[in-house]
Amino acid sequence: MNLLLGIGASDDAGAALEAVVGRAREAGDDLTVAVYAGDDEGDDVAAVERRVRDHLAELGFEARVERVEGDPGSQLIELADAGDYDRLVIPGGTRSPMGKVRLSDAAEFVLLNARSSVTLLR
Amino acid sequence: MTQFPDDPAGEFPPPPREFTDREDRLVTVRTADEDDYEALVGMYVEFDPEDRAQGIPPSREDAIREWLDAVTGPDCPTVVAVADGDVVGHAMLVPDGDGAYELAIFVLQPYQSAGIGTELLQTLLGLAQEEGIDRVWLTVERWNDPAVRLYHSVGFETTEESGLELEMGIRLAE
């Protein structure tokens, strides 16, 4: 399968990569990681990209890394539709102090609008 | 979590309080203590999955205990509603690390729509005022009209509505 994993500045990139790379190894999936800045202004897409590339190197797994500029949710979907991806994978969000799940704006947009199948990581 | 209404809401009644709900049940709302822990676990084990909100309460008992450990305790002002000898409602505040508190409230299904939520909420805010807490916020799923109405009715204002959820806040003191 061709997987597109979206990772923003506010996501736990390490956990997401480990989960997806583990599965991709077993299944022989082809992985592209799309990196973007988070919901907060001032998040740095270059820093996210660096983190992701370093982590992929640590895991010893080959994957393409692409930067997504502009609105991350809609751009992720553009990318998924333009490329030949079978599945879009997005991190499952963070937890509030109360323990409520908080999806990023990008994750909400992708869930509501994607035409491909979407996996929300937990 | 940064936005709150400019003006403080009025005074809320502190615990304990006793009232008769719309089903003629005698209900007490009081500050929770450690002895309520097992009763709370029992209440959440019985909780209808349909009434879960944004992933809480968890459904499995071990996860319920882990969650309760994180959202109860000395830093978390908490009230319970007791009716027919059982804990049937629970409302609590959890510090957000930013000087404000996140609120959540749960009422067991057979006791919903009888006014218990309103009393629980008001009493929790009364307890918060006693403890000097000045800002409280929450998030609620957009389509959960009964909950949104309840929060509005006690003075919460919508502070953000960008996604699937509304964020609401209340100021309790200047």
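Heads up: the protein sequence lines correspond to chains X and R, in order.
Position one of the first sequence corresponds to residue 16 (my numbering), numbered consecutively onward.
Position one of the second sequence corresponds to residue 25 (my numbering), numbered consecutively onward.
Glycine included, each C-beta is placed from N, C-alpha and C at the ideal position.
Small disclaimer: the values here were computed from a predicted structure and weren't measured.
**OP:** Leaving aside the five residues before and after G150/R along the sequence, list all residues of the same chain whose C-beta is less than 6 Å from its C-beta, in chain order.
**Re:** F36, P37, P38
Original post:
Does P112/X get closer than 8 Å to chain R when you measure Cβ to Cβ?
Top reply: At a cut-off of 8 Å, the C-beta of P112/X has a neighbouring C-beta in chain R.
Original post:
To the nearest angstrom, how far is it from the Cα of F43/R to the Cα of S131/X?
Top reply: 53 Å
Original post:
So, using beta-carbon positions, are M16/X and E126/R closer together than 8 Å?
Top reply: no
Original post:
Are the Cβ atoms of R49/R and D108/R separated by less than 8 Å?
Top reply: yes
Original post:
Would a check of beta-carbon distances place D120/X closer than 8 Å to chain R?
Top reply: yes
Original post:
Going by the beta-carbon positions, is the gap between A95/X and V48/X smaller than 8 Å?
Top reply: no
**OP:** Give me whichever residues DSSP pairs with V118/R in a beta bridge.
**Re:** E126/R
Subject >> Residue-level contact to chain R via CB, V133/X, 8 Å cutoff >> reply: no
Subject >> Under 7 Å by beta carbon: chain X residues contacting P119/R >> reply: Ordered by position in chain X, the residues that pass the 7 Å Cβ test against P119/R are P112.
Original post:
Pick from A39/X, G75/X, V50/X: whose alpha carbon is nearest that of A121/X?
Top reply: V50/X
Original post:
From this set, E33/X, E41/X, D99/X, G88/X, which residue's C-alpha is nearest E73/X's C-alpha?
Top reply: With respect to the C-alpha of E73/X, the residue from E33/X, E41/X, D99/X, G88/X having the closest C-alpha is E33/X.
**OP:** Could you please give me the residues that DSSP links to I194/R through a beta bridge?
**Re:** V160/R
Original post:
From which residue to which residue does the alpha helix (DSSP H) around E35/R run?
Top reply: Counting along the chain, E35/R falls outside any alpha helix (DSSP H), and DSSP gives it neither H nor E.
Original post:
To the nearest angstrom, how far is it from the Cα of E41/X to the Cα of I105/X?
Top reply: 19 Å
Original post:
Going along the chain, which residues of the stretch 53 to 82 of chain R sit with their C-beta nearer than 9 Å to a C-beta in chain X?
Top reply: Hits within the stretch, in order: A77, Q78, G79, I80, P81, P82.
Original post:
I140/R lies in the alpha helix (DSSP H); which residues open and close that run?
Top reply: 140 to 154
Original post:
D69/X: buried (16+ other C-beta within 10 angstroms of its C-beta) or exposed?
Top reply: Exposed, because fewer than 16 other Cβ atoms sit within 10 Å of the Cβ of D69/X.
Original post:
What separation, rounded to the nearest whole angstrom, lies between the Cα atoms of T182/R and D44/X?
Top reply: 44 Å
Original post:
Which residues, taken in chain order from the stretch 87 to 98 of chain R, show a beta carbon closer than 7 Å to some beta carbon of chain X?
Top reply: Look at the stretch 87 to 98 of chain R: the residues with a C-beta under 7 Å from a C-beta of chain X are W91, A94, V95.
**OP:** Quick one: list the residues of chain X neighbouring T102/R, beta-carbon separation under 8 Å, in chain order.
**Re:** Ordered by position in chain X, no residue passes the 8 Å Cβ test against T102/R, which lies about 12 Å from the chain.
Original post:
Are the C-beta of V48/X and some C-beta of chain R separated by less than 8 Å?
Top reply: no
Original post:
Taking Cβ positions, are V63/X and A24/X nearer each other than 8 Å?
Top reply: Yes, the pair counts as a contact, with Cβ atoms nearer than the cut-off.
Subject >> Reduced DSSP category for P87/X - H, G, I as helix; E, B as strand; rest coil >> reply: helix
**OP:** Go ahead and label H114/R buried or exposed: buried means 16 or more other beta carbons lie within 10 angstroms of its beta carbon, across all protein chains shown.
**Re:** buried
**OP:** Please list the partners that V125/X has in chain R, where partner means a Cβ-to-Cβ separation under 7 Å.
**Re:** Per Cβ cutoff of 7 Å: no residues; V125/X is ~12 Å from chain R at best.
Original post:
Any Cβ of chain R within less than 8 Å of the Cβ of V116/X?
Top reply: So, interface residue.
Subject >> CA-to-CA distance, Q90/X to V160/R, given in whole angstroms >> reply: 35 Å
Subject >> Bridge-paired residues (DSSP) for N128/X >> reply: Bridge partners of N128/X: none, in fact.
**OP:** Can you tell me which of the three DSSP states Y100/X falls into?
**Re:** coil
**OP:** Whole angstroms is fine: what's the gap from D60/R's alpha carbon to D27/X's?
**Re:** 35 Å
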